[in-house]
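There are 2 protein chains.
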Amino acid sequence: MISAWKGLSDPTRREILQLLKGRPHTAGEIADQFSLSAATVSHHLSVLKGAKLVNVDRRRQTLIYSLNTAVLQDVLSVILALTASERRKK
Amino acid sequence: MISAWKGLSDPTRREILQLLKGRPHTAGEIADQFSLSAATVSHHLSVLKGAKLVNVDRRRQTLIYSLNTAVLQDVLSVILALTASERRKK
DNA sequence: TCCGTATTTCGAATAGTATCTAAATATTAC
DNA sequence: GTAATATTTAGATACTATTCGAAATACGGA
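Right under this line is the structure:
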């Protein structure tokens, strides 16, 4: 199990998520957007998958990756908790 | 320059931030909360400082760390952008 | 069944991170 | 100036992450 935080800690992976925000993409389409080898992008996708930040579906011979925002809600609440100004203090 | 994402990617550092959310702490007080050496905690504090997630003030011979939420706002907007459902689609 | 396309997995190089102990620095008190 | 206290820096080691090219796998079509 990879934490969402680890998934988000790499800039390439954050770019992939931004890309997937628009619409689902195949692994090949994603790899084409970066000057990295397909193997490297595949590795990043497996990290994102392990962190449940993306969903994968197979259609014919291609794998289609899409954004999974469920885990982002948890990240969001941690950040919100940290930024929340404390009311009712003392 | 360390990115806020890198700063947030380690569980110990996130715990430190939670601790600082309550009130500022000295380096020693923070170190006491963890079963890690003071040197290790100091390292984590320097990462948080590099990511501008904490502020440091010196009072007498102690260094006082406090939470800096400014950078968290940027993290927050990235997460919000990813989770925002797309309106006006098509 | 063999081929082509899409993608992942493997093995290895390199770089970055977390952790420790010990030594160094900074501040204050005497 | 010396000592005491608080904290960081230095050096070492182990672990984890990023990246690549090459080989392996999976699926669908001829």
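Protein chains in written order, with my numbering: chain A, 1 to 90; chain B, 101 to 190.
Backbone N, C-alpha and C define an ideal beta-carbon position, used for all residues, glycine too.
For residue j and residue i, the rounded distance between their alpha carbons
i	j	result
residue 178 of chain B	residue 158 of chain B	33 Å
residue 80 of chain A	residue 143 of chain B	25 Å
Span of the alpha helix (DSSP H), counted from its first residue to its last, around residue i
i	result
residue 132 of chain B	127-132
Neighbourhood of residue i by C-beta, 8 Å cutoff - its chain only, sequence neighbours within 5 removed
i	result
residue 104 of chain B	151, 152, 153, 171, 172, 174, 175
Below-7 Å beta-carbon distance, residue i vs any chain A residue
i	result
residue 149 of chain B	no
residue 175 of chain B	yes
residue 117 of chain B	yes
residue 112 of chain B	no
residue 166 of chain B	no
residue 179 of chain B	yes
residue 146 of chain B	no
Neighbour flag for residue i against chain B, beta carbons, 7 Å
i	result
residue 69 of chain A	yes
residue 52 of chain A	no
residue 82 of chain A	yes
N-terminal and C-terminal residue of the beta strand (DSSP E) that residue i is part of
i	result
residue 157 of chain B	154-159
Beta-carbon proximity list for residue i, same chain, < 6 Å, skipping 5 on both sides
i	result
residue 55 of chain A	66, 68
Residue j beta carbon less than 7 Å from that of residue i
i	j	result
residue 62 of chain A	residue 26 of chain A	yes
residue 17 of chain A	residue 182 of chain B	yes
residue 135 of chain B	residue 9 of chain A	no
Residues near residue i by beta carbon distance below 7 Å, same chain, minus five either side
i	result
residue 119 of chain B	125, 130, 133
residue 107 of chain B	113, 147, 148, 151, 153
residue 11 of chain A	none
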